[in-house]
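Colleague: The structure is given below, and queries will be raised subsequently.
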Amino acid sequence: MYVYHRCMASPMHAIPLRIDSVVKRFGDLTAVSGVSLDVRERACLGLLGPNGAGKSTLIRSIAGRVRPDSGGIRVFGEPAGSAAARAELGWVPQELALYPLLTGRENLEAFGRYQGLRGKALRDGIAWCLEWAALADRAGATVKTLSGGMRRRLNMAAGLVHRPRLVLLDEPTVGVDPQSRNRIFEMVEELRGQGTTVIYTTHYMEEAERLCDTIAIMDHGCVIAQGTKEELVERSFGRRSDVLMRFASSVENAAAWAAARGGTLQEGGEGVAHFAVAQPTDIAALLDAAGRDGLEVIDVVLRRPNLESVFLQLTGRDLRQ
Amino acid sequence: MIGMMRMMAAIVLNGFRALRRDRGALILSFILPVAFFSIFAAIFGGMSGGTPRVRVLVVDEDGSAISGRLVNALLQEPSLAASTRPDAKKGEPVPPFFTAVGAETAVKQGDTPAALIIPKGFGAHPVALGPGADRTPIRLLHDSSDPVAAQMVAGILQKVAMTSLPDAMAKVGMQYFERASGGLTPEQRKSIESAISRVPRSSTGQSGPPAGPQRDTGFVALDVRDVVGEKKQNSMIAFYAAGIGVMFLLFTASAAGGTLLDEAESGALDRILSARVSMTTLLAGKMAYSALLASAQLTLMFLWGAAVFHLDLFSHLPGFIVMTAATSFAVASFGMLLASVSHTRAQQAAVSTLIILTMSALGGSMFPRFLMPEAMQKVGLLTFNAWAIDGYTKVFWRDEPVLHLAPQVAVLIGAGMVLFLIARRFARRWEYA
Numbered sequence: 026m027y028v029y030h031r032c033m034a035s036p037m038h039a040i041p042l043r044i045d046s047v048v049k050r051f052g053d054l055t056a057v058s059g060v061s062l063d064v065r066e067r068a069c070l071g072l073l074g075p076n077g078a079g080k081s082t083l084i085r086s087i088a089g090r091v092r093p094d095s096g097g098i099r100v101f102g103e104p105a106g107s108a109a110a111r112a113e114l115g116w117v118p119q120e121l122a123l124y125p126l127l128t129g130r131e132n133l134e135a136f137g138r139y140q141g142l143r144g145k146a147l148r149d150g151i152a153w154c155l156e157w158a159a160l161a162d163r164a165g166a167t168v169k170t171l172s173g174g175m176r177r178r179l180n181m182a183a184g185l186v187h188r189p190r191l192v193l194l195d196e197p198t199v200g201v202d203p204q205s206r207n208r209i210f211e212m213v214e215e216l217r218g219q220g221t222t223v224i225y226t227t228h229y230m231e232e233a234e235r236l237c238d239t240i241a242i243m244d245h246g247c248v249i250a251q252g253t254k255e256e257l258v259e260r261s262f263g264r265r266s267d268v269l270m271r272f273a274s275s276v277e278n279a280a281a282w283a284a285a286r287g288g289t290l291q292e293g294g295e296g297v298a299h300f301a302v303a304q305p306t307d308i309a310a311l312l313d314a315a316g317r318d319g320l321e322v323i324d325v326v327l328r329r330p331n332l333e334s335v336f337l338q339l340t341g342r343d344l345r346q
Numbered sequence: 070m071i072g073m074m075r076m077m078a079a080i081v082l083n084g085f086r087a088l089r090r091d092r093g094a095l096i097l098s099f100i101l102p103v104a105f106f107s108i109f110a111a112i113f114g115g116m117s118g119g120t121p122r123v124r125v126l127v128v129d130e131d132g133s134a135i136s137g138r139l140v141n142a143l144l145q146e147p148s149l150a151a152s153t154r155p156d157a158k159k160g161e162p163v164p165p166f167f168t169a170v171g172a173e174t175a176v177k178q179g180d181t182p183a184a185l186i187i188p189k190g191f192g193a194h195p196v197a198l199g200p201g202a203d204r205t206p207i208r209l210l211h212d213s214s215d216p217v218a219a220q221m222v223a224g225i226l227q228k229v230a231m232t233s234l235p236d237a238m239a240k241v242g243m244q245y246f247e248r249a250s251g252g253l254t255p256e257q258r259k260s261i262e263s264a265i266s267r268v269p270r271s272s273t274g275q276s277g278p279p280a281g282p283q284r285d286t287g288f289v290a291l292d293v294r295d296v297v298g299e300k301k302q303n304s305m306i307a308f309y310a311a312g313i314g315v316m317f318l319l320f321t322a323s324a325a326g327g328t329l330l331d332e333a334e335s336g337a338l339d340r341i342l343s344a345r346v347s348m349t350t351l352l353a354g355k356m357a358y359s360a361l362l363a364s365a366q367l368t369l370m371f372l373w374g375a376a377v378f379h380l381d382l383f384s385h386l387p388g389f390i391v392m393t394a395a396t397s398f399a400v401a402s403f404g405m406l407l408a409s410v411s412h413t414r415a416q417q418a419a420v421s422t423l424i425i426l427t428m429s430a431l432g433g434s435m436f437p438r439f440l441m442p443e444a445m446q447k448v449g450l451l452t453f454n455a456w457a458i459d460g461y462t463k464v465f466w467r468d469e470p471v472l473h474l475a476p477q478v479a480v481l482i483g484a485g486m487v488l489f490l491i492a493r494r495f496a497r498r499w500e501y502a
């Protein structure tokens with residue numbers, strides 16, 4: 026287990042990331058509400074949550090671009106935003122933060138120089154990035170002529186040209202095709218293989234399940250659960266299974282009906298209710314009850330609980346909402 | 070048909086709804102035209118009471134009664150801003166009259182576009198009719214960078230001579246008549262002289278047809294001399310190069326500053342600032358780029374002037390370099406300020422267009438300032454264009470040494486520094502959330 030509550034562990038040496046009771050408000054909106062996290066070396070922490078959960082604000086706080094109203098963040102023991110912290114940190118923002126009229130190589134050179142690199146260190150950094158992102162053969166092409174997937178990869182590379190030990194990847198697969206997404210997964214895995222600590226935000230469960238060894242689920246600015254995938258599922262479902270029951274759109278009071286039987290109706294989920302059942306045969310009892318109460322059920326799915334099930338169980342909402 | 074009309078109405082409605090929320094488009098559509106209309110109306114006299122008065126220094130070396138009357142008439146002439154001595158400062162003694170040398174220096178330095186020097190002996194032969202007549206010419210010194218001033222002064226001088234020296238003209242007329250008619254009888258002469266003595270000695274404010282500045286036409290002989298441009302070849306090209314150049318420099322600087330907003334919108338600014346680059350370093354770097362670009366533009370402009378229009382660039386290199394550096398610095402900081410106060414690229418583009426066109430109109434990039442009413446000329450001094458054009462004119466037109474560029478350079482550099490500091494202050498919004 027790589028993620029700890031502050032009360033669980035207090036390593037004496039400088040760990041890659043320590044977030045201590047961070048609060049950030051924008052006017053009346055509390056974007057981050059008392060988040061505390063420790064991330065150990067070589068870990069890959071998946072930060073999951075729907076849009077507006079506070080993931081990006083937390084990431085930007087770690088990158089030193091947002092100043093928390095209270096609490097503290099330390100990167101390898103240095104305050105977030107300090108020169109020492111910046112040198113250890115690589116931030117890949119959600120947006121394609123590149124110079125569109127420069128080539129890939131020129132972009133890497135620019136961001137390398139902004140990180141204080143020059144000479145051989147800069148050349149080595151650029152060469153590593155181009156190889157890592159599989160862009161060596163397109164290094165001389167301007168960004169605007171690259172495909173969407175290539176731009177995404179270059180966007181990632183531009184944050185890593187100075188070879189940081191802690192990397193923040195903020196939804197790096199947004200808007201890319203499945204093939205490019207796979208390539209990005211491979212890049213992240215390669216990065217992990219080289220010992221880099223990674224914080225990965227996404228609202229795609231399958232990405233978190235594949236890449237991250239630990240998950241922190243955020244909602245409304247808080248970390249509502251954290252641990253390995255197995256731990257999260259165990260905590261939410263135990264040995265039970267996840268049942269999805271879809272009602273016809275004409276069904277009224279489905280929420281109250283589902284709640285009365287220990288389930289939740291997914292918010293905005295077009296009449297889909299979730300139940301945690303101990304045995305698959307328990308589905309029959311649910312169907313009988315629906316039939317008795319005159320509820321038209323049009324679809325039933327039994328599945329092993331996954332992170333999406335956990336999220337729904339915890340928040341009553343789908344992660345992609 | 071009705072369905073089509075309804076769809077068209079929906080399209081029109083959408084257009085106006087979008088326009089209402091697009092401040093940039095609103096400014097360009099409504100504020101810019103009104104602002105320009107107001108500026109040009111003011112320049113061309115709509116708000117400032119007609120044709121501007123021409124400044125002229127008057128030196129009376131003759132000191133006769135006739136020259137004194139002519140000087141007084143010139144001082145009272147409403148279309149001229151004539152003066153015989155510098156303005157007295159508070160608490161200081163009245164300064165001495167201008168001398169011929171001082172007046173020539175003033176014209177050369179651009180303090181006044183023209184000077185009239187009434188030489189000794191003018192009173193004895195003030196006016197005459199026709200070419201080759203016996204008269205003492207008044208010297209008109211002028212700066213041909215203002216081609217209108219000399220023409221106006223020459224014409225107005227003839228009018229003023231006619232209205233202020235009617236007795237002298239009558240005497241000359243009598244001499245012509247006597248010569249043509251074979252002489253007057255003593256009675257006739259006495260009667261005419263009596264009539265001449267009753268002619269009013271001074272009259273001003275009456276309009277009359279202006280004459281040209283040629284030496285032998287008109288009643289008063291004129292010796293016209295271009296004291297600044299007489300040995301020059303096409304040097305007013307520098308004026309146009311500077312005027313047009315500065316206007317486009319402002320647009321370039323605005324566009325260069327706008328990259329800051331592009332980067333803010335794309336997220337690149339966040340990424341840059343999350344590296345080891347501070348906001349001050351970033352702004353200074355952007356400004357240095359903008360200033361270098363502006364310098365390159367001006368250099369190209371003047372090289373083109375030298376190659377095609379025979380502008381004497383290479384013998385004015387030190388002044389050119391100083392003015393180009395100061396001007397580029399000022400416009401670059403101006404571009405940074407425009408970017409840092411704007412919230413979006415569209416807003417920045419609209420505001421920049423409005424301000425730059427206004428500055429260029431007032432500052433003399435579109436229309437020479439010396440042809441504007443005096444109040445507008447003073448307003449023009451609030452623009453970079455005016456100071457830059459004045460500086461380049463000093464270098465290329467007046468051949469003034471680099472040290473004389475101190476006022477222009479000080480204003481451009483000082484204003485540039487102030488604008489940069491203001492831009493830095495506004496840029497704080499990008500530093501942290």
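Taken in order, these protein sequences are the chains called A and B. For the first sequence, position 297 (counting from the first letter as 1) is numbered 322 according to my numbering, and the numbering increases by one without interruption. For the second sequence, position 94 (counting from the first letter as 1) is numbered 163 according to my numbering, and the numbering increases by one without interruption. Yeah, the Cβ is synthetic: ideal placement off N, Cα and C, and Gly gets one too.
#1: PRO197(A) by DSSP, collapsed to three states: which one?
#2: When the Cα atoms are used, what is the spatial distance from ALA315(A) to VAL322(A)?
#3: Where does GLY218(A) land, buried or exposed, given buried means 16+ other C-beta within 10 angstroms?
#4: Are at least three pairs of beta-carbons, each pair with one atom in the region 303 to 312 of chain A and one in the region 73 to 85 of chain B, less than 8 Å apart?
#5: What whole-angstrom Cβ distance do LEU210(B) and VAL176(B) have, given they're in contact under 8 Å?
#6: Of the residues that make up the region 83 to 95 of chain A, which ones have a beta carbon closer than 8 Å to any beta carbon in chain B?
#7: Anything in chain A within Cβ reach of LEU342(B), meaning under 8 Å, just list it in chain order.
#8: Using three-state DSSP, classify ASP292(B) as helix, strand or coil.
#9: I need the straight-line Cα distance from ARG497(B) to MET348(B), nearest angstrom please.
#10: According to a CB-to-CB cut-off of less than 8 Å, which residues of the region 131 to 164 of chain A neighbour chain B?
#11: Please go through the same chain and pick out, in chain order, the residues whose beta-carbon is closer than 8 Å to the beta-carbon of SER172(A), but skip the five residues on each side of it.
#12: Going along the chain, which residues of its own chain have a beta-carbon closer than 8 Å to the beta-carbon of VAL81(B), five neighbours each way excluded?
#13: Kindly say whether ARG177(A), judged by its beta-carbon, lies nearer than 8 Å to any beta-carbon of chain B.
#14: Taking C-alpha atoms, which residue in PHE136(A), SER46(A), HIS187(A), LEU269(A) lies nearest to ALA504(B)?
#15: Please confirm whether ALA142(B) and VAL196(B) have their CB atoms less than 8 Å apart.
#16: Any idea what DSSP makes of SER343(B), helix, strand or coil?
#17: Within its chain, find whatever has a CB closer than 8 Å to the CB of PRO165(B); leave out the 5 residues flanking it on each side and keep chain order.
#18: Applying the 10 Å Cβ sphere with the 16-neighbour rule, what's the burial state of PRO162(B)?
#19: Using CA coordinates, which residue listed in ALA239(B), MET392(B), GLN257(B) is at the minimum distance from ALA479(B)?
#20: Please report whether the beta-carbon of ARG31(A) lies at a distance below 8 Å from any beta-carbon of chain B.
#21: Between the C-alpha atoms of TYR139(A) and PHE495(B), what's the straight-line distance to the nearest angstrom?
#22: Please compile the residues from chain A whose C-beta is within a distance smaller than 9 Å of the C-beta of ALA333(B).
#23: Tell me the residue span of the beta strand (DSSP E) that contains SER58(A).
#24: Identify the contact partners of TYR501(B) in chain A, using a Cβ-Cβ distance below 9 Å as the criterion.
#25: Skipping 5 residues on each side, what residues in its chain have a beta carbon closer than 6 Å to that of GLY347(A)?
#26: I think THR222(A) touches GLU66(A), with their Cβ atoms under 8 Å apart; what is that distance to the nearest whole Å?
#27: Buried or exposed: where does ASN83(B) fall if 16 or more other Cβ atoms within 10 Å of its Cβ makes it buried?
#28: Enumerate in chain order the residues of its own chain whose CB-to-CB distance from VAL201(A) is below 8 Å, with the five nearest sequence positions on each side excluded.
#29: Return helix, strand or coil for GLY115(B), following the three-state DSSP convention.
#30: By DSSP, does TYR358(B) sit in helix, in strand, or in coil?
#31: Is the shortest distance between the beta-carbon of PRO118(A) and the beta-carbons of chain B less than 8 Å?
#32: I'd like to confirm the pairing. Which residues does DSSP put opposite CYS69(A) in its beta bridges?
#33: Please check the pair SER107(B) and ALA122(A), which I expect to be a contact at CB under 8 Å, by giving their CB distance rounded to whole angstroms.
#34: Compute the beta-carbon to beta-carbon distance between VAL315(B) and ILE458(B), rounded to the nearest angstrom, for a pair I have assumed lies under 8 Å.
#35: Could you tell me the alpha carbon to alpha carbon distance between VAL168(A) and LEU142(A), rounded to whole angstroms?
#36: What does a CB cutoff of less than 8 Å around ILE98(A) pick up in its chain, not counting 5 residues either side in sequence?
Modeller: Concretely, from the data shown:
#1: coil
#2: 7 Å
#3: exposed
#4: no
#5: 5 Å
#6: ARG85, ALA88, GLY89, ARG90, VAL91, ARG92
#7: ARG90
#8: strand
#9: 8 Å
#10: PHE136, TYR139, GLN140, GLY141
#11: SER205
#12: none
#13: no
#14: Only positions 70 to 502 of chain B appear in the structure, and residue 504(B) is not among them; the question remains open.
#15: no
#16: helix
#17: ARG154
#18: exposed
#19: MET392(B)
#20: Caution is warranted here: a pLDDT of 34 is assigned to ARG31(A), below 50, making its placement in the model unreliable, and the coordinate value is therefore given only provisionally. It does not; no Cβ of chain B falls within 8 Å.
#21: 22 Å
#22: Chain A residues near ALA333(B): none, gap ~10 Å exceeds 9 Å.
#23: 54 to 64
#24: GLY89, ARG90, VAL91, ARG92, GLY106
#25: Absent from the structure is residue 347(A), since the part of chain A shown begins at 26 and ends at 346.
#26: 6 Å
#27: exposed
#28: GLY173, GLY174, ARG177, ILE209
#29: In this prediction, GLY115(B) scores a pLDDT of 49, lower than 50, which makes its location untrustworthy; the coordinate-derived value is nonetheless stated afterwards. It is coil, neither helix nor strand.
#30: helix
#31: yes
#32: VAL223(A)
#33: Not confirmed; about 43 Å, so no contact.
#34: 7 Å
#35: 22 Å
#36: LEU42, ARG43, ILE44, ASP45, VAL47, SER86, ILE87, PRO104, ALA105
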